[in-house]
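There are 2 protein chains.
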Amino acid sequence: MSSTRSKILDTAEEMVRAGGYNGFSFREIATLIGIKSASVHHHFPTKEALMLEVARRYHENFFAALGVPKPARHSPEVQLELYCEVFKKAFQSSERACLCGVLTNEAEQLPDSVREVVIEFVQANIAWLEQALEKSPNDLNAVKRAELVYSALEGAMGVASLKQDQLWIDRVSEAVCLTTLSLI
Amino acid sequence: MSSTRSKILDTAEEMVRAGGYNGFSFREIATLIGIKSASVHHHFPTKEALMLEVARRYHENFFAALGVPKPARHSPEVQLELYCEVFKKAFQSSERACLCGVLTNEAEQLPDSVREVVIEFVQANIAWLEQALEKSPNDLNAVKRAELVYSALEGAMGVASLKQDQLWIDRVSEAVCLTTLSLI
DNA sequence: TAAAACCTACCTATCAGAAGGTAGACTGGG
DNA sequence: CCCAGTCTACCTTCTGATAGGTAGGTTTTA
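Sequence order for the protein chains is H and R. Numbered per our numbering, the first sequence spans residues 1 to 184. Numbered per our numbering, the second sequence spans residues 1001 to 1184.
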């Protein structure tokens, strides 16, 4: 409940989403929240530990917003729209790309533990989408559809943050909803 | 001509694709090609100048592989498959994500000049796809289709490099070709 | 044609600043 | 008193960048 601790996590998340793992420093976080870098080390001993907790928290929040897929209760259309909504909200919260999307594009230089968390995020997304879309009538199997949807939204979020244009996500979301579920 | 110069560009490109703009240094490039960092500065005075030339070269090579879209001569299907092929080849060349895709996810911390080159790359891709797809029968307009295709392939390339799995691009390419052109 | 001037590509040495991280001391509330 | 939270002070390593020098080739000019 230490408010400093969550301020550190908030600031770190924003900075990673702005410039990646190599784009933030203990000193800068400290300055932004008005403490010294040694105090940040008190809460998170290493950069890897801090990054790890930021990534885990992001994962949790993301899937909390998403909920459990309910293929029995909601149509694929409805669930796909919900999925797109969560990406839109994630973007709106800071006008920046997905934390794990950013980390994905630095994978090779990431500490192993962080890369694993990112991979888990991807797999959790695919699993969610597979369940949500499995009943849609389509000659593409659920895995391929899921991977397309996830790739498209991550890509769209990156471009939206590059161009500072929320409409990119809106248009790609619309296109993804229309095309993904429209095959015979 | 100067082989050192192109070695620097090659090495820098690989390092950026591995870890972004903040993921490479003059010293590391120099060490990898067997010279001193001051000699890298002789060829490229600043990091921004080096990054700029790497990005411009990548843009050129990418569109050289793509060629000019020929909507009169080739069907949208054929051209979309060609487009996916170029992404596949770009991945295969180093098992890494698209240079501009990586830079997209660091946009905020990039020098302005570099960010502009990245934005131009995105716009050139959309323009190419719009031309290639404009004749496809579809109730989605060409812009939305183009943005979906580009977002999906950039996203897929990121995940493919994260998971070191070329099949991600193959599957997303297949899905994108099937769904994008299949509406009434 | 020979000397002077210049250019290219590298080098050594160095800088100031920022990075991640550590040790030890201070402070205020339970 | 204890201890979480913060501080000062510092270390080492790396960063982008600069100054100045050297060897060798080319170009200009007297």
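For each residue, glycine too, the CB sits at the ideal point set by N, CA and C.
Out of I1126(R), A1018(R), E1081(R), Y1058(R), the CA that lies nearest to the CA of T1179(R) is found in E1081(R).
Neighbourhood of I1008(R) in chain H, by CB distance below 8 Å: empty, with the nearest CB roughly 19 Å away.
Annotation: the continuous alpha helix (DSSP H) that includes R27(H) extends over 26-33. When CB distances to chain H are screened at a threshold of 8 Å, the residues of the region 1098-1124 of chain R falling below it are G1101, V1102, T1104, N1105, E1106, A1107, E1108, Q1109, R1115, V1118, I1119, V1122, in chain order. Residue environment for V54(H): buried (at least 16 other C-beta atoms within 10 angstroms of its C-beta).
In this structure, I126(H) is the residue among V159(H), I126(H), H59(H) with its C-alpha nearest to the C-alpha of V143(H). When rounded, the separation of the alpha-carbon atoms in E154(H) and F87(H) is 8 Å. Identification of chain R residues near K144(H) by a Cβ-Cβ cut-off of 9 Å yields R1171, V1172, E1174, A1175, L1178, ordered along the chain. Per the C-alpha coordinates, the member of Y58(H), S37(H), N22(H), K36(H) positioned closest to V117(H) is Y58(H). Interface residue (Cβ-Cβ distance to chain R less than 7 Å): V159(H) is classified as such. Short of 8 Å from the beta carbon of Y1150(R), and not among the five residues preceding or following it, lie these beta carbons of its own chain, in chain order: V1122, N1125, I1126, L1129.
Chain R places a beta carbon closer than 7 Å to that of S151(H), counting this residue as a contact. When secondary structure is reduced to three states using DSSP, S75(H) falls in the coil class, being assigned neither helix nor strand. By the Cβ test, the region 69-85 of chain H is not in contact with the region 26-46 of chain H, since fewer than three Cβ pairs between them sit closer than 8 Å. When the alpha-carbon of A132(H) is set against those of A146(H), R56(H), R17(H), the nearest one is in A146(H). What W1168(R) touches in chain H, judged by beta-carbon distance under 9 Å, is E147, S151, going in chain order. Between A1097(R) and G1020(R), the CB-CB gap reaches or exceeds 7 Å. With contacts defined as CB atoms closer than 7 Å, A1107(R) and L162(H) qualify as a contacting pair.
With fewer than 16 other Cβ atoms from the protein chains shown falling within 10 Å of its own Cβ, G1034(R) counts as exposed. Put simply, the backbone Cα of E95(H) is about 42 Å away from that of S1003(R).
Collapsing the DSSP output to three states places A1038(R) in a helix.
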